[in-house]
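All remarks here apply to the structure that follows.
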Ligand code: NA
Ligand code: NA
């Protein structure tokens, strides 16, 4: 299972980095084409925007994998320390379930956008192509939390001190 | 019952007055059983977002532009084909007498009850220098609206059309990123574009319409009586048209008084613009999805029937 | 009332079960949507997407990556070296250099978080080493880090411009003088608070070589702001230009950044983005519920019907915005409050650009106030100190910023002088 999550991380990190590179290239291409070649690239700003959303949504799972989420810790001392491991695992189950729900709900949105046939302004791409990143990202994130609950050793150190 | 009515127009404009009038008639017709909550100035999102919300039933009545509706009823973009229309009388006649039954089912298929047309008026051209012939804009950076027909128009004119959101246009003019653009006269004056690009050419190269629609989800939940109290409340759109058009005229007069320049195109000049843009028309029409191929001939027929 | 009680209980349970902020906000948003508003969870997903699908948001990831690269490479460091060399002979020299570095860096970054991270990663260890107190070091970096939103280019100003249809370029110009005032006030306080720390003396040749080495860093704000004001790129696009410039300088001129570090920066930024973007989007869904239920316009109506004098309105406006700043993140607060406040402010004859600057400074202070204070969170995360230690450390700085806020509020020309 550890191997699976490592592969998932590598896969998503590569995609996210790729998306990031696309964002920057598309934005620069826009400026260069306009200023030096008297051309306007109709698609570049939309490509950049959707690539940025992809990077951000994939980043959700990457942040989970590396313990980079902000977590309020004011109640951490409230219950005995010996309970913390149990609470943690229960919490991971809850997080997993909630992200799964988010995945399900956003899948409903994608389905509805597909059925209605919304288009991206100017470029006329179907909107649901891009919205699909939401159910994917939420579900892949849910998977991680279920993984933590089953095998707490998978859970990363938290990076923050909030 | 409380209906949510939304528009991107700000308070005090003819569009908000129009929907307010309709709202109070709805409430009167239903003896107060239906009331309305008005969201102006795009509080519920950008126009395309409001279109989505209306289909999903979060907005009950929506007044929006053809540009926004074309993200779900792509055929609406045909109404904005450059140099399609010759006069307001022709447009009104075509829409009211011929095209309502063409578009009604297209809207219905996407989850809208078509209530009536909307009106934003002619789109004109403006620049830091007078734009009177296609040669004046050759290679010049100009703002294109985020819509196919706007891009297509500038392409035909040989300009470098930069797609920019409306809100970014004033600063882009200020810094010289763009040298001009296209807008309805009212927006041009109201947003103070005239200070940075004081030459407005009345090119009337395309007409921006729109629609007032109701969410089908809401519509189907209403009783026959309630539906009637809504359809009977629709203040005729001609009043809105007249008001929008005369307000545009007044604002242009005020703009000229303050030193703005308004250029009219002679018949030959307009012909020159048309000759430049028309070769790209077919490409535009065939790039529009949905049932554009079937709808387009009907629009041309309607136009022919309305030669005045 | 029962609902409110149940929600509070749910939040408590989630806190005990160690849920992260995204989950907590998600549950709150969903519950509020179901109980008080349109009533379907899918609408929340719709708002979530609408919040992401905004071109102005595009500059945020790019500015984040840019900051991450600059702090890994040499740009931030050389900038700091120049300012350290120039301020060494002053009382509290490194403290003053901290403030000035943040201000300088703010002029190339669109967000306060980036400023805080880029300058902080270089200067926090240096400050501690030279004997500056934890409390001062944390406070100075967290607070001066917020200058990024007042000194252009600024993502929040872009957002304000977009939602109120005010010229973004005007907003940028209007931020210059208030930004400088804030910088000067914080610098003076730094010199005074650290007057007992030994000075290092001024070395002309060291300063000269620092400037020579740092020239590419020093040129960056000139290129960015120059490019925006001469129309080569838009305020949003300036993020990409900043990034391209930073990459060229780091990879080909300073050559201190390795490709492995660059990869690291990209991955690290995606993780940061993955923590941040969903929070922004969920906050936006909560705001949409508020708008749909017309809460902000009721508040604004109440305000305009109870307040007659302009000066009273201005004070009330600032108090309202400070309170908003306690609970809301800056971008969401602007999105929700700006369109509501603008018409009210116009009644009192307040210029939209002036209103924008006031809002930005108020919400800038909000970055430093608990419970929702992004800079407090980021600082505690970056410097490994507890949230409350950081919160306490910013108090003197917040008081100074409030004084500058008063000046900006009652002297509109401070904002409007440079605007045509
Ligand atoms: Na800045
Ligand atoms: Na706060």
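Chains as they are written, first to last, in the numbering used here: chain A, 109 to 270; chain B, 11 to 318; chain C, 336 to 755. Glycine included, each C-beta is placed from N, C-alpha and C at the ideal position.
Open item on the list: For chain A, check one thing: does any of its Cβ atoms lie closer than 8 Å to the Cβ of residue 309/B?
Closed with: Locating residue 309/B in the second chain gives position 299, counting from the first residue. Chain A contact via Cβ: absent.
TODO: Taking residue 265/A and residue 175/A to be in contact with their CB atoms under 8 Å, please state how far apart those CB atoms are, rounded to whole angstroms.
DONE: Here residue 265/A refers to the residue found at position 157 of the first chain. Here residue 175/A refers to the residue found at position 67 of the first chain. Sure, about 6 Å apart at Cβ, within 8 Å.
Task: Per-residue burial, residue 61/B [other beta carbons within 10 Å of its own, 16 or more giving buried] - done: Looking up residue 61/B in the second chain gives position 51. Buried, by the Cβ-count rule.
Task: DSSP three-state assignment for residue 215/B, whether helix, strand or coil - done: Within the second chain, the letter at position 205 stands for residue 215/B. Strand.
- [ ] Using 10 angstroms around the beta-carbon of residue 199/B, count the other beta-carbons present and answer buried if the total reaches 16, otherwise exposed.
- [x] Locating residue 199/B in the second chain gives position 189, where the first residue counts as 1. Buried: at least 16 other Cβ atoms inside 10 Å.
Task: Residues near residue 505/C by beta carbon distance below 6 Å, same chain, minus five either side - done: As a working note, residue 505/C is residue 170 in the third chain. If we look at residue 505/C and ignore the five residues flanking it on each side, its Cβ neighbours are 688, 754.
TODO: Return the chain-ordered ranges of every beta strand (DSSP E) run that is complete within the segment 190-250 of chain B and spans a minimum of 3 residues.
DONE: 190-194, 209-225
Open item on the list: Which residue wins for smallest C-alpha separation from residue 138/B, given the options 150/B, 123/B, 144/B, 128/B?
Closed with: Numbered from 1 along the second chain, position 128 holds the residue referred to as residue 138/B. Considering only alpha carbons, the answer is 150/B.
Task: Closer than 7 Å at the beta carbon, the chain A residues around residue 361/C - done: Counted from its first residue, the third chain places residue 361/C at position 26. Near residue 361/C (Cβ distances below 7 Å), the residues of chain A are 206, 210.
Open item on the list: Closest to residue 559/C by C-alpha separation, out of 750/C, 398/C, 715/C, would be which residue?
Closed with: Start at 1 with the first residue of the third chain, and residue 559/C comes out as number 224. Looking at the Cα atoms, 398/C is the closest of the given residues.
TODO: To the nearest angstrom, report how far apart residue 58/B and residue 233/A are at their CA atoms.
DONE: In the second chain, residue 58/B corresponds to position 48, counting from 1. In the first chain, residue 233/A corresponds to position 125, counting from 1. If you take the alpha carbons of residue 58/B and residue 233/A, they lie about 14 Å apart.
TODO: Compare the beta carbon distance of residue 185/B and residue 563/C with 8 Å and say whether it is the shorter of the two.
DONE: Here the question's residue 185/B lines up with position 175 in the second chain. Here the question's residue 563/C lines up with position 228 in the third chain. Contact flag set, yes.
TODO: Between the Cα of residue 223/A and those of 100/B, 65/B, 97/B, 263/B, spot the shortest distance and give me the residue it belongs to.
DONE: Translated into positions along the first chain, residue 223/A becomes position 115. Residue 223/A has its Cα closest to that of 65/B, out of 100/B, 65/B, 97/B, 263/B.
Task: Residues that residue 234/A bridges to, as DSSP identifies them - done: Here residue 234/A corresponds to residue number 126 of the first chain, with the count starting at 1. DSSP, once it has assigned bridges, lists 227/A as partnering residue 234/A.
- [ ] Give the single residue among 474/C, 664/C, 468/C whose Cα lies nearest to the Cα of residue 698/C.
- [x] If you number the third chain from 1, residue 698/C lands on position 363. Per the Cα distances, 664/C.
Open item on the list: Check whether the segment 498-514 of chain C and the segment 409-421 of chain C touch, using three or more Cβ-Cβ pairs below 8 Å as the test.
Closed with: no
Task: Listed by chain order, chain C residues near residue 270/B by CB distance under 9 Å - done: Stepping through the second chain from its first residue, residue 270/B is reached at position 260. Neighbours of residue 270/B on chain C: none; closest Cβ ~17 Å, over 9 Å.
Open item on the list: What does the alpha-carbon distance come out to for the pair residue 404/C and residue 579/C?
Closed with: By one-based count along the third chain, residue 404/C stands at place 69. By one-based count along the third chain, residue 579/C stands at place 244. Between residue 404/C and residue 579/C, the C-alpha separation is close to 11 Å.
- [ ] Within its chain, find whatever has a CB closer than 6 Å to the CB of residue 26/B; leave out the 5 residues flanking it on each side and keep chain order.
- [x] Here residue 26/B is taken as the residue at index 16 of the second chain, counted from 1. Here the set comprises 19, 50.
Open item on the list: Contact criterion: CB-CB distance below 8 Å. Does residue 257/A meet it with respect to chain C?
Closed with: In the first chain, residue 257/A corresponds to position 149, counting from 1. False, the Cβ-Cβ gap to chain C never drops below 8 Å.
Open item on the list: Short of 8 Å in beta carbon distance, which residues of its chain neighbour residue 740/C, apart from the five on each side in sequence? Order them along the chain.
Closed with: The residue labelled residue 740/C in the question sits at position 405 within the third chain. These residues qualify, in order along the chain: 653, 693, 696, 697, 700.
TODO: Please report the Cβ distance between residue 192/B and residue 133/B, rounded to the nearest whole angstrom; I am assuming they are in contact, meaning their Cβ atoms lie under 8 Å.
DONE: Working through the second chain from its first residue, we reach residue 192/B at position 182. Working through the second chain from its first residue, we reach residue 133/B at position 123. Right, the Cβ-Cβ distance comes to about 5 Å (below 8 Å), so this counts as a contact.
TODO: Find out if the Cβ-Cβ distance for the pair residue 361/C, residue 205/A is shorter than 8 Å.
DONE: Position 26 of the third chain, counting from 1, holds the residue named residue 361/C. Position 97 of the first chain, counting from 1, holds the residue named residue 205/A. No, the Cβ-Cβ distance between residue 361/C and residue 205/A is not below 8 Å.
TODO: In angstroms with no decimal places, state the Cα-to-Cα distance between residue 460/C and residue 471/C.
DONE: Residue mapping note: residue 460/C aligns to position 125 of the third chain, counting from 1. Residue mapping note: residue 471/C aligns to position 136 of the third chain, counting from 1. Approximately 13 Å between the Cα atoms of the pair.
Task: Host alpha helix (DSSP H) of residue 119/B (start-end) - done: Numbered from 1 along the second chain, position 109 holds the residue referred to as residue 119/B. First-last of the alpha helix (DSSP H) with residue 119/B: 110-119.
TODO: Determine, using beta carbons only, whether residue 459/C comes closer than 8 Å to chain A.
DONE: Taking the first residue of the third chain as 1, we reach residue 459/C at position 124. Answer no: the Cβ-Cβ gap between residue 459/C and chain A never drops below 8 Å.
- [ ] Flag this pair as touching only if the segment 227-238 of chain B and the segment 201-209 of chain B have three or more C-beta atom pairs under 8 Å; answer yes or no.
- [x] no
- [ ] Inspect the CB distances between the segment 212-232 of chain A and the segment 66-84 of chain B and report whether three or more fall short of 8 Å.
- [x] yes
- [ ] Measure from the C-beta of residue 398/C to each C-beta in chain B and report whether the shortest distance is under 8 Å.
- [x] Position 63 of the third chain, counting from 1, holds the residue named residue 398/C. So, not an interface residue.
TODO: Name, in chain order, the residues that DSSP records as bridge partners for residue 133/B.
DONE: On the second chain, position 123 is the one that residue 133/B refers to. DSSP lists 194/B, 216/B as partners of residue 133/B.
- [ ] Just the chain A side, please: which residues come within less than 7 Å of residue 69/B by C-beta, in chain order?
- [x] By 1-based counting over the second chain, the position of residue 69/B is 59. Those within 7 Å of residue 69/B in chain A number zero; the least Cβ separation is about 14 Å.
Task: Amino acids of chain C, ordered along the chain, whose beta-carbon sits closer than 8 Å to that of residue 75/A - done: Lying before the first or after the last residue shown, residue 75/A is absent from chain A, which here runs from 109 to 270.
Open item on the list: Closest to residue 89/B by C-alpha separation, out of 110/B, 63/B, 72/B, would be which residue?
Closed with: Taking the first residue of the second chain as position 1, residue 89/B is located at position 79. Closest by alpha carbon: 110/B.
Open item on the list: My output table needs one value for residue 269/A: the three-state DSSP class, helix, strand or coil.
Closed with: For the purposes of this step, residue 269/A is taken as the residue at position 161 of the first chain. The predicted position of residue 269/A is uncertain, since its pLDDT is 38 and thus under 50; no value can be drawn from it.
Task: Inter-residue spacing [alpha-carbon to alpha-carbon] between residue 14/B and residue 679/C - done: Your numbering for residue 14/B matches position 4 in the second chain. Your numbering for residue 679/C matches position 344 in the third chain. Distance between the alpha carbons of residue 14/B and residue 679/C: 23 Å.
Open item on the list: Please return the same chain residues whose Cβ sits closer than 6 Å to the Cβ of residue 46/B, not counting the five positions on each side in sequence.
Closed with: Along the second chain, read from residue 1 onward, the residue named residue 46/B stands at position 36. Result list for residue 46/B: 13, 15, 33, in chain order.
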